[in-house]
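Peer 1: Chains as they are written, first to last, in numbering that gives the first Met the number 0: chain A, 0 to 306; chain B, 0 to 429. Glycine residues also receive a C-beta, built at the ideal position from the N, C-alpha and C atoms. Before we start, here is the structure in question, set down as structure tokens.
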Amino acid sequence: MKTLLTAASLALCTLAPAPATALTVVTTTEGLASIAREVGGDRVQATSLSRGTQDPHFVDANPNLAVKLRRADLLVDVGLDLEVGWLPPLVNQSRNPDIQPNGSRRLTAASAVAVMDVPRGPVDRSMGDLHPAGNPHFMSDPRRVERVAAAIAAKLARLDPAGAAGYQARLDDFRGRLAHSASGWRAALAPVRERKVIAHHNSLTYFLDWAGLQAVGYLEPKPGITPPPAHLADLVGVVKEQGVKAIFLENFHDPRSAEVVAKHSGARVVLIPGDVGGFRDDGDALDPKDWFAYMDALVKLVAGAER
Amino acid sequence: MHWLIVASLLAANPDPSGARQSEAGGREEKGQPASQETSSEKQAADEKRKLEEEIAREIGGQPASPAAPGATAAQGGSAAAQTPPDRGGQGQTGGNPFGRLMLLPDVSAIGSGALAWNRLDVATLSPRSEPFAPASEVRPVFQELELALQAVVDPYARADVFLAFGDEGAELEEAYLTTLRLPAGLQVRGGKLYAPFGRLNQQHPHTFEFVDRPLALARLLGPDGFGGPGVDVAWLAPTPWFAELHVAYQALTPGFQEASRNGGVARLVQFFDVGEASTLGVGFSGGLLDEPGAGARDLLGGDVYLKVRPPRARSYVALQGEVVARRLRGVVAPEGEEAPADAAGTEWGGYAQAVYRHGPYFAYGARYERAPAVAGGPEHRVSALASWLPSEFQRIRLQISYDRLPGGQDGLEALLNLQFGIGAHGAHPF
């Protein structure tokens, strides 16, 4: 009898999920999902709509993503029109009223950070496919990511008050680890401060600003515009004049233009991951596996290429 | 004094792009005194031209971008090219970054025109959607200018309005309200809308991969789409994959008819993820329309869509096909109706197409069609397509077709199409 009771209580214990997942968080990018996991811990189940190997500007509005949004307790997007080509129709299809823009279960990460590259004066598409509200590629800047983490923690606490203390504790812990890692990254980047680089798109603006490096040219003459040969020839001149050692581009871009400039100028082409999971992304096996690993990889590639 | 201004600029605006701009300016000034010897300047220019030509050869296959002339401005450090040029106080046409602040809806215009040539007199032998030309004549055809106004109405609904301007005047293409807050997976659209029947019928012509609408859809559904005023209720099933059931009641104008009929349309559409790279869409549609004189028109359709796109790539392959069948029962041709009466009995047709998108700038396609011919019997057509997309906002397409009518009459057709879009247009359906 006693053994039976013990067995029954054991069975009950295993049946009852110990730390019940309180919230399903859906993010637009892997980087945001990783930060949501950092501050949400076991209480959240975070998934990303895009893969780290994908260009976040050009994700397909696959209706199956709308099904994920339907069950979302919170949608975290980057904002600044990064996802404008695919997220709005998914949100409209999702039947989830609270994840609409400005909804109670929607957090736009850009609202938490100071935005760079905000165009001054009127804009039109003769300037290329630019983001009229500013540069959305801030998830490789530890200062801004800390702000995003705090905003996610605050939002989670509002949606799940029972876990508020836990989110705050995890946020504090995250800040501690971030400060520690950031000092390591800064030390690794110290020898290459003030170096000049060339990037494909203005996706490294925040990272370079934080790291103290400078972009002296972009492979795209304007955002989203193919480099014509004349522009690449100009870049060859820029590389030689300014002593640029490396051309950085996310590994989802066509490397031909970069390789041509590299060949004629002696600079090196360095393929960087676009996000968490940017190297390889087979199902759940993310590489880099989380945001810290992604930053480790990025810092290592930049510091290594510039030495 | 100069550095003081820079310093005060920096203090006033921590945005480093400002600092970058002034630095770029500084570089340009420093660069000037060095370029005084004209002979060495000329030599450098020659070298640069040679380099350009070599690079052009090496990256062959990429289009010479129309932005080339502007790119020379990047010489003094192309960081300057990245920041938008300062236009001072000068106003300019288009582009209003404050549109949303002023509660304006998203406004966009998409224009589409073509140079058309066809050997047969398709207007009588093979009626279809625009664009087409008189027999054996090259004719420019303005297909359509679509003006779209899109915005949320209030926290409960959004509205989408599409006006089509063509040679025959302006027409309301679609104008409907979509609910955003209904429970139980329901979403209702009300207004004037394309019937939820098949895959292409709900899309606007400017999103088609091919220049024209498949013949079978033009004849069995409608040359400008099959739709009309009514209500569409869509239920998203609580399944792990996307499964949506539409039930619509509309006043519909089928085929080349002029009068509308009341009718009901239903559609079940499902999407399945097949691995990381592929998505399969399968749809079934049915319709039942009243016909004059206590008759009825039955419609049945099936559609398949398979898109294979590795996550890392911009390239993809999309296979797509649709079959539509129409049956007329107990129809008495009404007296005095101008439009040709649809043939009694059952007619069917469809198409199958494959499109390969090669990176951001090119797409190629092939399409086979079968449609009921006006004289009875099956009409077959095959088409080949090549598209060039200089940017996301324009494309130039060449479509060559071979059309074969039941009597053995046949002819080649060619369409050279230009399409452009301005303004903020909602993302296109998958």
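Can you give me the C-alpha to C-alpha distance between G76 of chain B and D286 of chain A, rounded to a whole angstrom?
Peer 2: As a first step, residue 76 of chain B is located in the second sequence; it is residue number 77 there, counting from the start. As a first step, residue 286 of chain A is located in the first sequence; it is residue number 287 there, counting from the start. With a pLDDT of only 33 at G76 of chain B, under 50, the local geometry of the prediction cannot be trusted, and the value read off the model is given with reservation. Going from the Cα of G76 of chain B to the Cα of D286 of chain A covers about 35 Å.
Peer 1: Cβ closer than 8 Å: which chain B residues qualify as neighbours of T52 of chain A?
Peer 2: For this step, residue 52 of chain A is matched to residue 53 along the first sequence. Within chain B, the residues near T52 of chain A are P310 and R311.
Peer 1: When we look at the beta-carbon of G265 of chain A and count the other beta-carbons within 10 Å, is it buried (16 or more) or exposed?
Peer 2: Taking the first sequence and counting its residues from 1, the one referred to as residue 265 of chain A is at position 266. Burial call: exposed.
Peer 1: Over the uninterrupted beta strand (DSSP E) stretch that includes D105 of chain B, give me the two end residues.
Peer 2: Translated into the one-based positions of the second sequence, residue 105 of chain B becomes position 106. Looking at the DSSP string, the run of the beta strand (DSSP E) that includes D105 of chain B is D105 to N117.
Peer 1: Look at the alpha carbon of T225 of chain A and the alpha carbon of V235 of chain A, and state the distance between them as a whole number of angstroms.
Peer 2: Counting from 1 along the first sequence, the entry for residue 225 of chain A is found at position 226. Counting from 1 along the first sequence, the entry for residue 235 of chain A is found at position 236. Distance between the alpha carbons of T225 of chain A and V235 of chain A: 16 Å.
Peer 1: F392 of chain B lies in the alpha helix (DSSP H); which residues open and close that run?
Peer 2: The residue given as residue 392 of chain B occupies position 393 in the second sequence. Segment: none, F392 of chain B is in no alpha helix (DSSP H) and carries neither H nor E.
Peer 1: Apart from the five residues on each side of it in sequence, which residues of its chain come closer than 8 Å, Cβ to Cβ, to K67 of chain A?
Peer 2: Along the first sequence, one-based indexing puts residue 67 of chain A at 68. So the qualifying residues of the chain are V25, T46 and L48.
Peer 1: What number of angstroms, rounded off, separates the C-alpha of A55 of chain B from the C-alpha of H263 of chain A?
Peer 2: Along the second sequence, one-based indexing puts residue 55 of chain B at 56. Along the first sequence, one-based indexing puts residue 263 of chain A at 264. Each residue's Cα considered, the two are about 13 Å apart.
Peer 1: Residues of chain B with CB closer than 9 Å to the CB of R69 of chain A, please, in chain order.
Peer 2: Numbered from 1 along the first sequence, position 70 holds the residue referred to as residue 69 of chain A. By Cβ distance, chain B contributes G184, L235 and P237.
Peer 1: Near L185 of chain B, what residues of its chain come up, given a Cβ to Cβ distance below 6 Å and the 5 sequence neighbours on each side ignored?
Peer 2: Taking the second sequence and counting its residues from 1, one reaches residue 185 of chain B at position 186. Closer than 6 Å at Cβ, skipping near neighbours: W234.
Peer 1: Output needed for S135 of chain B: all residues of its chain with C-beta closer than 6 Å, excluding positions within five of it in sequence on either side, in chain order.
Peer 2: By 1-based counting over the second sequence, the position of residue 135 of chain B is 136. Cβ neighbours of S135 of chain B beyond the five flanking positions: R118.
Peer 1: Taking only the alpha-carbon atoms, compute the straight-line gap between R279 of chain A and N250 of chain A and give it to the nearest angstrom.
Peer 2: Taking the first sequence and counting its residues from 1, the one referred to as residue 279 of chain A is at position 280. Taking the first sequence and counting its residues from 1, the one referred to as residue 250 of chain A is at position 251. If you take the alpha carbons of R279 of chain A and N250 of chain A, they lie about 11 Å apart.
Peer 1: Note the first and the last residue of the continuous alpha helix (DSSP H) segment covering Y166 of chain A.
Peer 2: In the first sequence, the residue the question calls residue 166 of chain A occupies position 167. Its alpha helix (DSSP H) spans residues A163 to L188.
Peer 1: I need the DSSP call for Y360 of chain B, collapsed to helix, strand or coil.
Peer 2: Numbered from 1 along the second sequence, position 361 holds the residue referred to as residue 360 of chain B. Coil at Y360 of chain B, not helix or strand.
Peer 1: Would you identify the three-state DSSP class for N201 of chain A, choosing helix, strand or coil?
Peer 2: Counting from one through the first sequence, the residue named residue 201 of chain A turns up at place 202. Helix at N201 of chain A.
Peer 1: Helix, strand or coil for N261 of chain B? Go by DSSP, reduced to three states.
Peer 2: If you number the second sequence from 1, residue 261 of chain B lands on position 262. Strand at N261 of chain B.
Peer 1: Given a threshold of 16 other Cβ atoms within 10 Å of its Cβ, counted over all protein chains shown, does G300 of chain B qualify as buried or as exposed?
Peer 2: Residue numbering aside, residue 300 of chain B sits at position 301 when the second sequence is read from its first letter. Counting Cβ neighbours within 10 Å, G300 of chain B comes out buried, since at least 16 surround it.
Peer 1: Whole angstroms are fine: how far does the CA of R69 of chain A sit from the CA of V273 of chain B?
Peer 2: As a working mapping, residue 273 of chain B is identified with position 274 in the second sequence. As a working mapping, residue 69 of chain A is identified with position 70 in the first sequence. When rounded, the distance between both Cα atoms is 20 Å.
Peer 1: Relative to the C-alpha of H136 of chain A, which candidate in A:L207, A:I98 and A:R104 has its C-alpha closest?
Peer 2: The sequence position of residue 136 of chain A within the first sequence is 137, counting from 1. Taking only the C-alpha atoms, the option nearest H136 of chain A is A:L207.
Peer 1: So which of B:A413, B:P182, B:R180 and B:L220 has the shortest CA-CA distance to E321 of chain B?
Peer 2: Along the second sequence, one-based indexing puts residue 321 of chain B at 322. Residue B:L220 is the option with its Cα nearest to E321 of chain B.
Peer 1: Taking Cβ-Cβ distances shorter than 7 Å, what residues in chain B pair up with Q99 of chain A?
Peer 2: One-based indexing of the first sequence puts residue 99 of chain A at position 100. The contacting residues are L179.
Peer 1: Kindly say whether A232 of chain A, judged by its beta-carbon, lies nearer than 8 Å to any beta-carbon of chain B.
Peer 2: As a working note, residue 232 of chain A is residue 233 in the first sequence. At least one chain B Cβ lies under 8 Å of A232 of chain A.
Peer 1: For V24 of chain A, which of helix, strand or coil comes out of DSSP?
Peer 2: As a first step, residue 24 of chain A must be located in the first sequence, where it is residue number 25. Three-state result, V24 of chain A: strand.
Peer 1: Using a Cβ-Cβ cutoff of less than 8 Å, which residues in the same chain neighbour P220 of chain A once the five nearest sequence positions on both sides are dropped?
Peer 2: Looking up residue 220 of chain A in the first sequence gives position 221. Excluding residues within five positions, the ones whose Cβ falls inside 8 Å are G127, P226, P227 and H230.
Peer 1: K49 of chain B by DSSP, collapsed to three states: which one?
Peer 2: As a working mapping, residue 49 of chain B is identified with position 50 in the second sequence. Residue state, collapsed to three classes: helix.
Peer 1: Scan the region 41-52 of chain B for residues whose Cβ lies nearer than 7 Å to a Cβ of chain E and list them as they occur along the chain.
Peer 2: The structure shown contains no chain E; the protein chains it does contain are A and B.
Peer 1: Verify the CB distance criterion: does F361 of chain B have a CB-CB separation below 8 Å to chain A?
Peer 2: Stepping through the second sequence from its first residue, residue 361 of chain B is reached at position 362. By this cut-off, F361 of chain B is not an interface position.
Peer 1: Closer than 7 Å between beta carbons: that is the criterion. Which residues of the region 246-274 of chain B meet it against chain A?
Peer 2: F270 and D272
Peer 1: Give a yes or no on whether the C-beta atoms belonging to S231 of chain B and A247 of chain B are separated by under 8 Å.
Peer 2: As a working mapping, residue 231 of chain B is identified with position 232 in the second sequence. As a working mapping, residue 247 of chain B is identified with position 248 in the second sequence. As written in the sequence, residue 231 of chain B is Asp, which differs from the Ser given in the question. Yes. Within cutoff.
Peer 1: Beta-carbon of A78 of chain B versus every beta-carbon of chain A: anything under 8 Å?
Peer 2: For the purposes of this step, residue 78 of chain B is identified with residue 79 of the second sequence, where counting begins at 1. Low confidence applies to A78 of chain B: its pLDDT is 33, below 50, so where it sits in the model is not reliable, and the reading given next is rough at best. A78 of chain B counts as touching chain A.
Peer 1: I'd like the ranges of any beta strand (DSSP E) spanning at least 3 consecutive residues and lying wholly in the region 205-285 of chain A.
Peer 2: You should have 213-217, 245-249, 267-271 and 279-281.
Peer 1: Can you give me the C-alpha to C-alpha distance between G211 of chain A and A21 of chain A, rounded to a whole angstrom?
Peer 2: Within the first sequence, residue 211 of chain A is the residue found at index 212, counting from 1. Within the first sequence, residue 21 of chain A is the residue found at index 22, counting from 1. Taking the straight line joining both Cα atoms gives about 40 Å.
Peer 1: Excluding sequence positions up to five away, which residues of its chain have a Cβ less than 8 Å from the Cβ of G189 of chain B?
Peer 2: Here residue 189 of chain B refers to the residue found at position 190 of the second sequence. Same-chain partners within the cutoff: Y175, L176, G229, V230 and D231.
Peer 1: Contact defined as beta carbons within less than 8 Å: I believe A215 of chain B pairs with V323 of chain B. What is the distance between those atoms, to the nearest angstrom?
Peer 2: Looking up residue 215 of chain B in the second sequence gives position 216. Looking up residue 323 of chain B in the second sequence gives position 324. Indeed, because the Cβ distance is near 6 Å, the residues count as touching under 8 Å.
Peer 1: Rounded to the nearest angstrom, how far is the Cβ of R267 of chain A from that of A292 of chain A, given a contact under 8 Å?
Peer 2: Here residue 267 of chain A is taken as the residue at index 268 of the first sequence, counted from 1. Here residue 292 of chain A is taken as the residue at index 293 of the first sequence, counted from 1. At roughly 23 Å, the Cβ-Cβ gap does not stay under 8 Å, so R267 of chain A and A292 of chain A are not in contact.
Peer 1: With distances taken between CB atoms, is the gap from Q202 of chain B to G165 of chain B smaller than 8 Å?
Peer 2: Here residue 202 of chain B refers to the residue found at position 203 when the second sequence is read from its first residue. Here residue 165 of chain B refers to the residue found at position 166 when the second sequence is read from its first residue. Contact: no.
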